[in-house]
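Okay, so here's the structure we're looking at.
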Amino acid sequence: MEKARVLIVDDQEGVRQLLQETCLLLGYEAMTAKSGLEALDLVQKHNFQIALVDMKMPGLNGLSTTERLLATGKHLNIIVMSGFCDGESEISELSSHLEIAAVMKKPFDLEELKVVLEKNISK
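If you're matching positions, the sequence shown starts at 0 in numbering that gives the first Met the number 0 and goes up one per residue.
What follows is the structure in structure tokens.
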């Protein structure tokens with residue numbers, strides 16, 4: 000069986016490295032992008048099952064990146080990462096507006112990441 004492929008989109012190198020290492024340890028293939036534009040380029044070249052997208056990035060922010068990733072027409076479960084969500088209502092609003100699979104509030108623990116990835120790989 001082919002390994003599921005995860006795209007990690009975050010402008011912070013340390014976050015990208017940690018998430019990539021975690022995904023690899025969990026048995027997934029993982030590629031990283033430091034910007035929304037780089038992510039869009041990678042999605043055109045590779046098939047990903049999940050994209051982990053940071054909301055706060057310079058240039059093309061997480062919202063715009065997510066909208067453009069969804070517009071590619073590729074089957075891609077998008078998990079938004081944000082340190083700026085205020086409570087459940089904002090998370091629900093983001094989820095319904097963006098048609099995303101999940102919102103993870105930073106900082107999150109690696110067990111939470113594992114559960115969210117497993118849940119959304121099979122969708």
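Glycine included, each C-beta is placed from N, C-alpha and C at the ideal position.
Every value quoted in this text rests on a predicted model; they were computed, and no experiment measured them.
Member of the options whose CA lies at the smallest distance from the CA of residue i
i: Ser34; options: Val14, Asn119, Pro106 and Asn76; result: Val14
i: Asp53; options: Glu117, Thr21 and Ala32; result: Ala32
i: Glu110; options: Leu75, Leu18, Glu98 and His74; result: Leu18
i: Gly26; options: Gly82, Asp40, Leu39 and Glu1; result: Glu1
Outcome for residue i when other beta-carbon atoms lying within 10 angstroms are tallied against a minimum of 16
i: Gln11; result: exposed
i: Thr71; result: exposed
i: Gly61; result: buried
i: Asn46; result: exposed
i: Leu51; result: buried
i: Asp108; result: exposed
i: Leu24; result: exposed
i: Asp9; result: buried
i: Val114; result: exposed
i: Gln43; result: exposed
Span of the beta strand (DSSP E) around residue i
i: Lys104; result: Ala101 to Lys104
Run of the alpha helix (DSSP H) containing residue i, from where it starts to where it stops
i: Lys2; result: From DSSP, Lys2 is part of no alpha helix (DSSP H); its letter is neither H nor E.
i: Glu98; result: Here Glu98 belongs to no alpha helix (DSSP H), and DSSP marks it neither H nor E.
According to DSSP, residues forming a beta bridge with residue i
i: Leu112; result: In DSSP, Leu112 forms no bridge with anything.
i: Ile7; result: Thr31 and Leu51
Counting only runs that start and end within the stretch 10-82, where is the beta strand (DSSP E) found for 3 or more residues in a row? 28-32, 49-53 and 76-81
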